[in-house]
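This note's numbering applies: residue 144 is where the sequence shown begins, and numbers increase by one. For glycine and all other residues, C-beta sits at the position ideal for the given N, C-alpha and C. Treat the numbers as computed from the prediction; the structure is a model and nothing was measured. Written below as structure tokens is the structure these notes are about.
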Amino acid sequence: MPDKSGGQSFKAQDAVLVEEMRLLITKGEVSSVTAAARAVTSKAQKLGSEESVVERLRRAYGRQYPTRRNV
144 MPDKSGGQSF KAQDAVLVEE MRLLITKGEV SSVTAAARAV TSKAQKLGSE
194 ESVVERLRRA YGRQYPTRRN V
């Protein structure tokens, strides 16, 4: 499904992975959001590199579970 920019959107699929990342973090199985993203990357849909998928999931996690207030 295209997003507003006309590109591919994996928002719905990524939401499931973000919740899985949250579980990994809260259980203490990984030490960071980036590590959690790397742990679930193999399950994510990809158009680019693995690093781009990690970054996409990391940003999605940050939007869902912000750790800092945006000023």
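Contact belief for residue i with residue j at Cβ below 8 Å, rounded distance in angstroms
i	j	result
residue 160	residue 186	6 Å
residue 204	residue 173	Residue 204 to residue 173, Cβ: 11 Å. No contact.
Beta-carbon gap between residue i and residue j smaller than 8 Å
i	j	result
residue 163	residue 183	yes
residue 166	residue 180	no
Beta-carbon proximity list for residue i, same chain, < 7 Å, skipping 5 on both sides
i	result
residue 207	161
residue 155	none
Hey, which unbroken runs of the beta strand (DSSP E) at 3 residues or more fall wholly within the segment 163-191? none
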